[in-house]
Amino acid sequence: MRSPKDFFAPLAVGAPAPLTQVPSRPSRVIHFFDPSNEKMAAKVPAMVGTVDVLLGNLEDAVKADRKEAARAGLVAIAKATDFGESTQLWTRINSLDSPWALDDLTTLVTEIGDTLDVVMVPKVQGPEDIHYVDRLLAQLEAKAGLTRPILVHAILETARGVANVEEIAGASPRMQGMSLGPADLAADRRMKTTRVGGGHPGYLVRQDPPTGVDDAVHASRATYQQDLWHYTIARMVDACAMHGIFPYYGPFGDIADVVACEDQFRNAFLLGCVGTWSLHPVQVEIAKRVFSPSPEDVAHARRVVEAMGDGTGAVMLDGKMEDDASLKQCQVMLELAERLAATDPVLAQAYAAQSPSSEGEGS
Ligand SMILES: CC(=O)SCCNC(=O)CCNC(=O)[C@H](O)C(C)(C)COP(=O)(O)OP(=O)(O)OC[C@H]1O[C@@H](n2cnc3c(N)ncnc32)[C@H](O)[C@@H]1OP(=O)(O)O
Ligand SMILES: CC(=O)C(=O)O
Ligand SMILES: [Mg+2]
């Protein structure tokens, strides 16, 4: 582990200085596309401004014989597209033990490093993986003459990665955030599921049995499906909060089940995640809706702030006690709402319509 004194020193002569704070640009939706799929890639320019992040995926879901085409496709798209102020460009490189990862990093940083905001690293096992990428990025940034550092995002998708989650989160000032990788994680843990994220009807608890009843009543005892991912997401959120980086849910593979997708996204939002992945255009609006505070929550948060005056003590509002701690939760909500509204005019209007100054307007 580096000494605190040199944690923020560049790791290569000529590399840009690391950032001391992770930029908090909106990243509610990280939209995946395969740059080697011509039909999909053709849609990317029109998606600029509609998603917070466009991510050129080079890893799983790209066929082995299309890896080089995907890398070249991403370079071409990055060079031809103006991503504007409200959409970032990220990539997911191949895993560090694959034959492609080194060329992915070398090509992308030297060719399009000035456009690339974040590199997502899959199957991270421990801080040593981040240290490797950190040094290599610094060397490549120096070679390419970049003036701002490229950030790193880890996917939490191995049992060892989960066990090391705090060390991974704090491994480098480049760490931007972390996503849950439920599919690979399930396989690595030898879970007995076959899905990409989401729940499972077999993972449940059942209502206690009533005494002295027949089998028919036993069969009707209520069951409650549990969240397979609660433990891992909660650990990831704590590790990220501790190190000042951002946690994300990951993929929801049942594209047709938009209702369960929204539920899974909302669980992650409520637990502290700032965004999620979209694998298909149908998931984009779900992610944006879920990861933006509702206008009603924003209005309530404003009322609490107003009622709390100097922020100390306790007050009653609608029959509920509010104090310093509920105020802080409301401030989290308002700070996020303000940040999102700054780049999303539709949200800005929805939040303004709920502001105290507009109350009673038109009545
Ligand atoms: C566990 C993990 O690692 S998850 C991360 C890796 N996986 C991915 O990145 C998957 C990305 N998504 C996809 O590959 C595709 O969306 C699939 C395979 C899930 C479904 O693809 P399709 O069967 O083509 O879906 P569908 O027919 O509904 O597509 C409708 C349109 O949306 C387009 N489309 C589909 N997915 C995307 C996307 N991610 N981005 C942009 N456009 C897309 C299709 O090209 C199609 O275009 P068209 O109307 O011009 O023909
Ligand atoms: C996200 C991912 O890569 C996984 O679930 O395996
Ligand atoms: Mg994976």
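The sequence shown begins at 1 in the UniProt record's numbering and counts up by one. Each residue gets a CB set at the ideal place from its N, CA and C atoms; glycine is no exception.
Those residues placing their Cβ nearer than 6 Å to any heavy atom of ligand 3 are, following chain order, D60, P122, E157, G181, A183 and D184.
Restricting attention to V51, I168, V119 and G272, the CA atom closest to the CA of P293 is found in G272.
Counting only the Cα atoms, L156 lies some 10 Å from A163. Look at the beta carbons and you see the segment 134-144 touching the segment 100-116: at least three pairs across the two are nearer than 8 Å.
In the DSSP assignment, R92 falls within the unbroken beta strand (DSSP E) covering Q88 to R92. The beta-carbon distance between G84 and G49, rounded to whole angstroms, is 6 Å. This is short enough to meet the 8 Å contact definition. Residue V124 holds the alpha-carbon nearest to the alpha-carbon of D97 among V118, D82 and V124. A heavy atom of ligand 1 is found nearer than 7 Å to the CB of H280. For Q176, the enclosing beta strand (DSSP E) starts and ends at M175 to L180. The beta carbon of I255 sits closer than 7 Å to at least one heavy atom of ligand 1. Closer than 7 Å to some heavy atom of ligand 2: that does not describe the Cβ of G56.
Measuring C-alpha to C-alpha distances from Y249 to each of V259, V62 and L270 identifies L270 as the nearest. When C-alpha distances from H243 are compared across A301, H200, V259 and A169, the shortest belongs to A169. Fewer than three Cβ pairs drawn from the segment 298-311 and the segment 246-266 lie within less than 8 Å of each other, which leaves the two stretches out of contact.
Annotation note: the segment 208-253 contains the following uninterrupted beta strand (DSSP E) runs of length 3 or greater, listed N- to C-terminal: 223-225 and 246-248. Checking the 7 Å criterion, the Cβ of P45 is out of range of every heavy atom belonging to ligand 1. With a cutoff of 7 Å, P251 counts as near ligand 2, since its C-beta is closer than that to a heavy atom of the ligand. For K288, the CB stays at least 7 Å from every heavy atom of ligand 1. If you compare the alpha carbons of P26, R2, V62 and T20 with that of L279, the shortest gap goes to V62.
In terms of side-chain proximity, the C-beta atom of V53 is found no nearer than 7 Å to any non-hydrogen atom of ligand 2. At the C-beta level, N37 and K67 stay beyond 8 Å of one another. Ligand 2 has no heavy atom closer than 7 Å to the beta-carbon of V62. Taking A144 as the centre and dropping the five residues before and after it, the same chain places the C-beta of V109, T110 and G113 closer than 7 Å to its C-beta, in chain order. With contact defined as three or more Cβ pairs closer than 8 Å, the segment 223-231 and the segment 198-206 are in contact.
In the DSSP assignment, D117 falls within the unbroken beta strand (DSSP E) covering L116 to V121. In terms of Cα proximity to A41, the closest of P345, A76, G14 and V22 is A76. Relative to ligand 1, the nearest heavy atom lies less than 7 Å away from the CB of F33. For S326, the enclosing alpha helix (DSSP H) has its first and last residue at D324 to A341. Following the DSSP letters along the chain, one finds H300 inside the alpha helix (DSSP H) bounded by residues P295 to A307.
Of the residues A342, P247, Y231 and H230, the one whose Cα lies closest to the Cα of V237 is P247. Between V119 and T87, the C-beta gap is not smaller than 8 Å, which leaves the two residues out of contact. According to the DSSP assignment, M316 belongs to the beta strand (DSSP E) that extends over V315 to L317.
As computed with DSSP, G56 is found in a beta bridge with F33 and T91.
Measuring C-alpha to C-alpha distances from T20 to each of L151, V13 and T276 identifies L151 as the nearest.
Remark: C-beta atoms of P149 and R174 approach each other more closely than 8 Å. Here DSSP, grouped into helix, strand and coil, assigns T276 to strand.
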